[in-house]
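The sequence shown lines up with residues 0 to 212 when you count with numbering that gives the first Met the number 0. Down below is the structure, laid out as structure tokens.
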Amino acid sequence: MKSFQSLGRDAIKNGGLTNLWLAGQYYTVVVDPVDLEVILKTSLEKDDIMRFARNLIGNGTIFAPVNIWRPRRKVLAPTFTPKNLNNFVNIFARQSRVMVEQLQSVDGKGPFSVWKYITSYTMDSVCETALGVNVNAQKTTDEPFLMAFEECCQLMAARMLAPWMHADAVYKLLPFHASFEACKKVICNFIDQVIKSKRKSMKLDTDTNITKE
């Protein structure tokens, strides 16, 4: 992750762009939001290196190939209209206040990483808005899901920057693969629990409505 952060800082110093060679391929790193908007609207195909992310999250997100992402993007677009997003403002505001409280607890204690605060806030916000479930990740110390997710991100970043680990046949022989799979299991189990909890809640609501009728 530090390598990516370093690339980002270099890009900022160079006016929003920087370049590097990796495994015989030439990459351009873009951090300027205006440039990114143009690129993301016109270039939907992902580099092969993104398959490392798919090992964790599959094809259900922006990392999916174009033939999968393009039709799904059209389906998802109405969900992110200002009208729908306004319905979630109260949730974002409440979770933001929790994050501010957490940050205040480390104020004045020297440099610290905001990663865990941002990821726990994001998880609380996403789970409550998308699934209607409050997991209280921001108030839970050493949340297994967050720890596993952070380690997975670090392992994926390390693999992306190490060409000798790009081949699946080689990577599966290394201890990094076992660590990645263990973290992936923790993440998938957590998501399964959240989905089951939401389904149970929806079933109870349905049964209650039927009883009232």
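By construction, the Cβ of each residue, glycine as well, lies at the ideal position given by its N, Cα and C atoms.
Check                                                                                                                                                    : Outcome
Fully enclosed by the stretch 13-78, which beta strand (DSSP E) runs are 3 residues long or longer?                                                      : 16-21, 24-29
Is the distance from the Cβ of threonine 128 to the Cβ of isoleucine 186 below 8 Å?                                                                      : no
Please return the same chain residues whose Cβ sits closer than 8 Å to the Cβ of glutamine 94, not counting the five positions on each side in sequence. : Tyr120, Asp123, Ser124, Glu127, Gln137
If you count every other CB in all the chains shown that lies within 10 Å of the CB of leucine 145, and 16 or more means buried, which is it?            : buried
What are the boundary residues of the alpha helix (DSSP H) that proline 162 is part of?                                                                  : Per DSSP, proline 162 belongs to no alpha helix (DSSP H) and is neither H nor E.
Identify whether proline 110 lies in helix, strand or coil by the three-state DSSP scheme.                                                               : coil
Which of helix, strand or coil does DSSP assign to serine 200?                                                                                           : helix
Within this structure, are the beta carbons of glutamate 150 and serine 104 separated by less than 8 Å?                                                  : no
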